[in-house]
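Note that the protein sequences, when read in sequence, are chains A and B.
Each step along the first sequence adds one to the number in this note's numbering, with nothing skipped, and position 14 is 1054.
Each step along the second sequence adds one to the number in this note's numbering, with nothing skipped, and position 314 is 1354.
Input: a single structure, listed below in C-alpha cells.
Protein chains: 2
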Amino acid sequence: MRIAIDAMGGDAGPRAVVQGAALTALNQPGLHLELFGPQAQLADEIANLPRHLAAAESHLSVHHAPDVIRQDQSLSEALRRGADTSMARMLAHVANGQADAGVSAGNTGALMALARRHLGMVANMPRPAISTAIPTRNEGRCYLLDLGANVDVSAARLVDFACMGEAMARHVDGLESPRVALLNVGSEGTKGSAAVREADARLREREALNYGGFVEGDDVFSGAADVIVCDGFVGNAVLKASEGLARMLIERVQATLEASWSGRLVGLLARPALRRLKGELDPVRYNGASLLGLAGIVIKSHGSAEATGFAYAVQRAVREVNQDLPSHLARELAGGRSQCRTALNKSKGE
Amino acid sequence: MRIAIDAMGGDAGPRAVVQGAALTALNQPGLHLELFGPQAQLADEIANLPRHLAAAESHLSVHHAPDVIRQDQSLSEALRRGADTSMARMLAHVANGQADAGVSAGNTGALMALARRHLGMVANMPRPAISTAIPTRNEGRCYLLDLGANVDVSAARLVDFACMGEAMARHVDGLESPRVALLNVGSEGTKGSAAVREADARLREREALNYGGFVEGDDVFSGAADVIVCDGFVGNAVLKASEGLARMLIERVQATLEASWSGRLVGLLARPALRRLKGELDPVRYNGASLLGLAGIVIKSHGSAEATGFAYAVQRAVREVNQDLPSHLARELAGGRSQCRTALNKSKGE
Chain A
1041 MRIAIDAMGG DAGPRAVVQG AALTALNQPG LHLELFGPQA QLADEIANLP
1091 RHLAAAESHL SVHHAPDVIR QDQSLSEALR RGADTSMARM LAHVANGQAD
1141 AGVSAGNTGA LMALARRHLG MVANMPRPAI STAIPTRNEG RCYLLDLGAN
1191 VDVSAARLVD FACMGEAMAR HVDGLESPRV ALLNVGSEGT KGSAAVREAD
1241 ARLREREALN YGGFVEGDDV FSGAADVIVC DGFVGNAVLK ASEGLARMLI
1291 ERVQATLEAS WSGRLVGLLA RPALRRLKGE LDPVRYNGAS LLGLAGIVIK
1341 SHGSAEATGF AYAVQRAVRE VNQDLPSHLA RELAGGRSQC RTALNKSKGE
Chain B
1041 MRIAIDAMGG DAGPRAVVQG AALTALNQPG LHLELFGPQA QLADEIANLP
1091 RHLAAAESHL SVHHAPDVIR QDQSLSEALR RGADTSMARM LAHVANGQAD
1141 AGVSAGNTGA LMALARRHLG MVANMPRPAI STAIPTRNEG RCYLLDLGAN
1191 VDVSAARLVD FACMGEAMAR HVDGLESPRV ALLNVGSEGT KGSAAVREAD
1241 ARLREREALN YGGFVEGDDV FSGAADVIVC DGFVGNAVLK ASEGLARMLI
1291 ERVQATLEAS WSGRLVGLLA RPALRRLKGE LDPVRYNGAS LLGLAGIVIK
1341 SHGSAEATGF AYAVQRAVRE VNQDLPSHLA RELAGGRSQC RTALNKSKGE
C-alpha cells in the first residue's frame, strides 16, 4: 500500500509529519509513504530521524514540491499558488493512481477544494464533508459531521451527511447497524431550524437506516449515537470548543491537584496520566478527519499534530484503503442523493 | 430586595430549589425570597430545611400555585396549562412589581415565552436571548449568547445579541469596554454564513463597540473575548457539548488516576478537588443564565442544579437587580435595533 503525504502542511513544519510517517511505516509492514515537499528539506528530516525511527527510512520516499500552501492563506490565494505546492502534487499523485490515499495537515479549505478538483466526487455529491471520530463516555466513539466545510446547508445535504457517516461506521468500523442522529436544540420535532426538521422527516422515511431522531450537544460525548449529523458551522464550533475546553480542563485539573502541599505530590504523580488523557481527548489531533464524498481517500490531520497525532491520521487512511470506503460510498449513494442505501433497501425488498 | 422563585421547575423537585433559596438568603442580608408552588409541599420543605439553613426561614415566603410545567412538555402544552402554574404565577408577581426579579429552573422554552408575555420586551426586541458566563482559561469569563432560544437568526439579531451582551458585561461585571466577537468557522471575512458575514460588517461600523471580529469555537474558553455572539442553535450545541465533555473528562481523569495502585491513592486524594472542579466547569449549572431583552429580570437555573447551583442563579438575579440591567438595556437599545449604544455614540460625538 502507498500513502501520499503532504509533508509541509503542519504548523510546526515537516519534522512532526516525517516522524509521524516513519512511526506508521514501522508499525505497518508493507506500507510505503511518499512524502511531498522541498527535496532537500525532507531528505534532511529523514536523515535526522531519531534513532528509534531510523529503520523506517527504506519505507519513505521524497517527491519534490517547491511551494507550500500556508495555514493562514485564503482559499483563493491558496488555489492561485497552484500545481507546485506539496498539497497539490500529493493529491495529483493520488488522483493518477500512484498512491492509494493522501494525508495532509494543511489548510482545510484548500485541501477540500484541491481534493475535489483532483479526485472528483462520487454520486454527484457537491462538496466533501469532513468527519472525525469523537471519544465517548462509554469508551466508544461517535462520528460527527460536517466539521466546517459546509455552512447554511439544506435538508438534502444533512441527509447526505447521515448516509455517508452511516456508511463509514458500517464499513470502516464494522458496525452492523450504526445508530444515526441529528443534532438539534431539543428532542422535540417542533424545535430547530427548518432544514433540520425537514432532514428529520426525510431520514424517518428511510427504513434501512437506524435513525434515532434528534439528540442535543451533550450526546456527542454520551455514546447515544454512532453518527451525529449537523451543518458544518455547528460541527466546527462544537469540535473547536471541545478542543478548547479539554485543554483548559486538563490545565485546571493539574493546577487544582497542585494547589496544596499534599496536592503537589498528587499533581506530580498524576502528570503522566493527565498528559496521556489530554492526547486521547483531542479528537482531531489524535484521529485524523475523513473527507467524505470524494472519489478517493484523503485524510486531514490536525495542523498542530505532533508525530503521534500525524501517525494516527496515516493509520486512518490505511483503514479506509483496506475497507475501500469510496467504492462503498459511490455504490450506496448512487442514483442521486435521495437514494442512499438503495442497494440495501433493494435487497431487503427482494 | 424581593426575588420571586418558581420552586417547581427543577428536575429533582422543590428540595434543591428551596435549599438553594435558603442558602442565598443566609448570605445576602435584606433579601426576601418568594417561593411559588403547592403550598403544603413547599411549607414542608421549609419546615424540613437542614439545620445550617433553618435560620433562613424568616426570609422565605410561600405563594400557592397548584400546577406545574414539566421539563418535557412542549411549548404549546406548557402555555395551555396557563396561569395556575408556579412559573406563570412567579412571573406575574415580577410583572406587577411585587418582586424585583424572577428565577426558575424549569422548561426553558416555556420560561422564555411566558416571561415575554408577562414582562414584555425592551426596545422592540422580538424575543429574549439567553446568555451565561463561561469560565475561561485565564480565570476570567466570557458571555456566550444566544443559547438556544433563537435559531435561523438574521444579521440584525446577531447585532442585537452583541449589543445586549456588551451592555451586560459593562454594567453587571463593570468592564469598561468589553471585547465583543462573532463566532465563525474561521477568522477570515470570506468564511461563514451570510448572516454572520453581514453581522460582522454591521458591527465594524459601530465605533463605540470594542468589536474584534471573528473567533472560532476554542476561543469560547481561551479568554480572547468577553462576549461571544452566535445564533441559538450553535450556542446551545456548544454549551451542551461542553457540559457533556466536562462530565466525561472528570470521570476519565478520576478513572485514569485510579488505574494503578499508586494511582488509587492519588485518585482518592484528588477526589474532593475534582468534585469542586466539576462544579466550577459546569457553567449553566453554576452560574444561571440571563434572559436578555425582557423589560424585567429573569434568570434560568439549570434543570438539574443542586442547592448550590440554584443559589448561584439567585445571586445572579440579585446582581442584575443591583445594576438595574433592564433600564440600561432599554436606554441603550432604544431608537430601534440598529441604534444600540446610541447614548454612548452621542456623548462621544458631542
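Glycine residues also receive a C-beta, built at the ideal position from the N, C-alpha and C atoms.
{"Query": "Any C-beta of chain B under 8 angstroms from that of residue 1265 of chain A", "Result": "no"}
{"Query": "Residue 1046 of chain B in three-state terms, based on DSSP", "Result": "strand"}
{"Query": "The stretch 1058 to 1070 of chain A: positions lying closer than 8 angstroms to chain B by Cβ", "Result": "none"}
{"Query": "CB contact flag (residue 1019 of chain B, residue 1334 of chain B, <8 angstroms)", "Result": "Outside the modelled stretch of chain B, which goes from 1041 to 1390, sits residue 1019 of chain B, for which no answer is possible."}
{"Query": "Residues that residue 1340 of chain A contacts on chain B, provided the C-beta gap is smaller than 7 angstroms", "Result": "The contacting residues do not exist; residue 1340 of chain A stays about 14 angstroms from chain B at best."}
{"Query": "CB contact check: residue 1233 of chain B to chain A, cutoff 8 angstroms", "Result": "yes"}
{"Query": "Chain B contacts made by the stretch 1172 to 1201 of chain A, where a contact means CB separation under 7 angstroms", "Result": "1177, 1188, 1191 and 1192"}
{"Query": "Against chain B: residues of the stretch 1281 to 1295 of chain A by CB proximity under 9 angstroms", "Result": "1281, 1282, 1283, 1284, 1285, 1286, 1287, 1288, 1289, 1290, 1291, 1292 and 1293"}
{"Query": "Chain A contacts made by the stretch 1131 to 1152 of chain B, where a contact means CB separation under 8 angstroms", "Result": "1149"}
{"Query": "Any C-beta of chain A under 8 angstroms from that of residue 1262 of chain B", "Result": "yes"}
{"Query": "Sequence-distant residues of its chain with Cβ nearer than 6 angstroms to residue 1066 of chain B (five each side left out)", "Result": "1096"}
{"Query": "The stretch 1335 to 1350 of chain B in contact with the stretch 1144 to 1157 of chain B per 3-pair CB rule at 8 angstroms", "Result": "yes"}
{"Query": "DSSP beta-bridge partners of residue 1107 of chain B", "Result": "B/1125"}
{"Query": "Spatial distance of residue 1042 of chain B from residue 1138 of chain B (CA atoms)", "Result": "8 angstroms"}
{"Query": "DSSP-derived helix/strand/coil call for residue 1342 of chain A", "Result": "coil"}
{"Query": "Residue 1158 of chain A, enclosing alpha helix (DSSP H) - first and last residue", "Result": "1148 to 1159"}
{"Query": "Cβ pair count under 8 angstroms reaching 3, the stretch 1241 to 1256 of chain B against the stretch 1203 to 1223 of chain A", "Result": "no"}
{"Query": "The stretch 1129 to 1138 of chain A touching the stretch 1052 to 1060 of chain A, judged by at least three CB pairs closer than 8 angstroms", "Result": "no"}
{"Query": "Cross-chain neighbours of residue 1203 of chain B in chain A, by beta carbon under 9 angstroms", "Result": "Going along chain A, no residue has its Cβ under 9 angstroms from residue 1203 of chain B, so there is no contact; the nearest lies around 21 angstroms."}
{"Query": "Outcome for residue 1079 of chain A when other beta-carbon atoms lying within 10 angstroms are tallied against a minimum of 16", "Result": "exposed"}
{"Query": "Range covered by the beta strand (DSSP E) that runs through residue 1252 of chain B", "Result": "1251 to 1255"}
{"Query": "Residues from the stretch 1044 to 1057 of chain B in contact with chain A, defined by Cβ distance under 9 angstroms", "Result": "none"}
{"Query": "Cutoff 8 angstroms: residue 1080 of chain B Cβ touching any chain A Cβ", "Result": "no"}
{"Query": "Per DSSP, the bridge partner or partners of residue 1172 of chain A", "Result": "A/1184"}
{"Query": "Below-8 angstroms beta-carbon distance, residue 1076 of chain A vs any chain B residue", "Result": "no"}
{"Query": "Secondary structure of residue 1383 of chain B, DSSP reduced to three states", "Result": "Below a pLDDT of 50, predicted positions are generally treated as unreliable, and residue 1383 of chain B, at 39, falls in that range; the measurement from the model is reported next regardless. If DSSP states are grouped into helix, strand and coil, residue 1383 of chain B belongs with the helices."}
{"Query": "Straight-line gap, residue 1126 of chain B to residue 1046 of chain B (C-alpha atoms, nearest Å)", "Result": "5 angstroms"}
{"Query": "Neighbouring residues, chain B, relative to residue 1327 of chain A (Cβ below 8 angstroms)", "Result": "Per Cβ cutoff of 8 angstroms: no residues; residue 1327 of chain A is ~15 angstroms from chain B at best."}
{"Query": "Other residues of its chain near residue 1294 of chain A: CB distance less than 8 angstroms, five sequence neighbours each side excluded", "Result": "1307, 1310, 1311 and 1314"}
{"Query": "Completely contained beta strand (DSSP E) runs for the stretch 1235 to 1288 of chain A, where each covers 3 or more residues", "Result": "1251 to 1255 and 1267 to 1269"}
{"Query": "8 angstroms Cβ cutoff, residue 1361 of chain A in contact with chain B", "Result": "no"}
{"Query": "Selection of the stretch 1237 to 1257 of chain A by Cβ proximity to chain B, strictly under 7 angstroms", "Result": "1256 and 1257"}
{"Query": "Same chain, Cβ closer than 6 angstroms to residue 1278 of chain A, neighbours up to 5 away in sequence not counted", "Result": "none"}
{"Query": "Option nearest residue 1106 of chain B by Cα separation, candidates B/1099, B/1130, B/1098 and B/1236", "Result": "B/1130"}
{"Query": "Residue range of the beta strand (DSSP E) that includes residue 1072 of chain A", "Result": "1072 to 1077"}
{"Query": "DSSP three-state assignment for residue 1191 of chain B, whether helix, strand or coil", "Result": "coil"}
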